[in-house]
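Visitor:
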Amino acid sequence: LARHRIRVNSILPGWIETDMTDRLFSDERFAANVMPRMPMRRWGRPEDFGGIAVYLASDASGYATGEQFVIDGGYMLW
């Protein structure tokens, strides 16, 4: 629907620290298995998404459509 000025993009988060994930991330065995695969060596935070959200909501992204923005601290590189 891009010809009708309807654009569809997505933000794909990785492991993000939230109230919902606190219990999982506090499990030492889980963290020991996942963290070595995290190039940034930290869990993501909700504020890590502000910039991409502003970009997608602004005219600066006017030519972006059908894009998937992976914000995962490099986890998918492994």
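Our numbering applies: residue 109 is where the sequence shown begins, and numbers increase by one.
For every residue, glycine included, the Cβ atom is placed at its ideal position computed from N, Cα and C.
1. Compare the C-alpha of D130 against each of Q176, A172, R153 and L185 and name the closest.
2. Can you look up V178 in the DSSP assignment and give me helix, strand or coil?
3. Over what stretch of residues does the alpha helix (DSSP H) that includes L185 continue unbroken?
4. By Cβ distance below 6 Å, which residues in the same chain neighbour V178 in space, the five residues on each side in sequence not counted?
5. For M128, does the count of other Cβ atoms within 10 angstroms reach 16, so buried, or fall short, so exposed?
Guide: Considering the structure as presented:
1. R153
2. strand
3. First-last for L185: undefined, no H or E at that position.
4. L120 and M184
5. exposed
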